[in-house]
């Protein structure tokens, strides 16, 4: 099977070009290695490969599922002083704390932009939107301080538009808005790097797994996505 994006749609076998095949250490079980693709290389990668997170930077992450949790975790090697996790689910925010969030904001209960400004004084140096929605990307841009950078990480529905106040919001605010895909990763290099981090105990993969299900339970797995915290792993 060969599909667009090289996604096998839960097929037991698929055909890939050799450029997309990466060897990982035998010590890592397949159910954990599966979490490296997208989750780790996108979330951690956007911090290490793309964003200029300096020592002492303040960071906000909107969306605390698999990619967002990895973004939060990746901000630690970059020595961010404050990592603010934003989501609408308290259980996801609780897990975000275990991944390194210093502060959490439930955006169902409070205005996240105001909350971030109260915590930081002027907004964050770096904001990541990891959902892929116009309202949350606008929030990420608004909570970015003057001179800061906002990164669109989540994949939005094709055709989604973001109206931007160019003069007031971007030029006079000296803000940057940048899109990033898969953490700008080089999979031949980065999969091996993240696998090594996991074996050293420096990358959380086990903690991402919320449930392990069989292929026959796929419908139940989809039904559980609305309330699940972390990732579902399908075994064949």
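Residue numbers (the UniProt record's numbering): 1 to 236.
Backbone N, C-alpha and C fix where the C-beta goes; we use that ideal spot for every residue, glycine too.
Spatial neighbours of residue i in its chain, beta-carbon cut-off 6 Å, leaving aside the 5 residues before and after
i           : result
residue 80  : 53, 57, 59
residue 108 : 88
Nonlocal neighbours in the same chain, by C-beta distance under 7 Å from residue i, ignoring five residues either side
i           : result
residue 162 : 134, 137, 138
residue 233 : 31, 34, 209, 212
residue 113 : 139, 142, 143
Residue i to residue j span [Cα, whole Å]
i           : j           : result
residue 165 : residue 111 : 20 Å
residue 170 : residue 223 : 41 Å
residue 200 : residue 191 : 14 Å
residue 49  : residue 129 : 16 Å
residue 44  : residue 66  : 11 Å
residue 153 : residue 216 : 31 Å
For residue j and residue i, believed in contact at Cβ under 8 Å, the rounded distance
i           : j           : result
residue 86  : residue 62  : 5 Å
residue 132 : residue 104 : In fact, because the Cβ distance is near 21 Å, the residues do not count as touching under 8 Å.
residue 16  : residue 194 : Wrong, their Cβ atoms sit about 20 Å apart, outside the cutoff.
residue 213 : residue 220 : 7 Å
Any non-hydrogen atom of the ligand ATP closer than 6 Å to residue i Cβ
i          : result
residue 46 : As far as ligands go, the structure on display features none, and thus does not contain the ligand ATP.
Residue-level contact to chain C via CB, residue i, 7 Å cutoff
i          : result
residue 18 : Of the chains in the structure shown, none is chain C; there is only one protein chain.
Nonlocal neighbours in the same chain, by C-beta distance under 8 Å from residue i, ignoring five residues either side
i           : result
residue 148 : 123, 124, 125, 126, 127, 175, 176
Practice prompt. Taking only runs that begin and end inside the region 178-221, name each unbroken beta strand (DSSP E) of 3 or more residues, in chain order.
Written response: 209-214
Item to complete: Would you check if there are 3 or more beta carbon pairs closer than 8 Å linking the region 68-75 to the region 85-101?
Response: yes
Worksheet item: For the 8 Å Cβ check, are there 3 or more pairs between the region 95-106 and the region 124-134?
Response: no
Worksheet item: Where are the alpha helix (DSSP H) runs, 4 residues long or more, that stay fully inside the UniProt domain "Alcohol dehydrogenase-like C-terminal" (66-192), in chain order?
Response: 66-74, 90-98, 112-120, 134-142
Worksheet entry | Residue ranges of each alpha helix (DSSP H) within the region 6-61, 4 or longer | 30-33, 41-45
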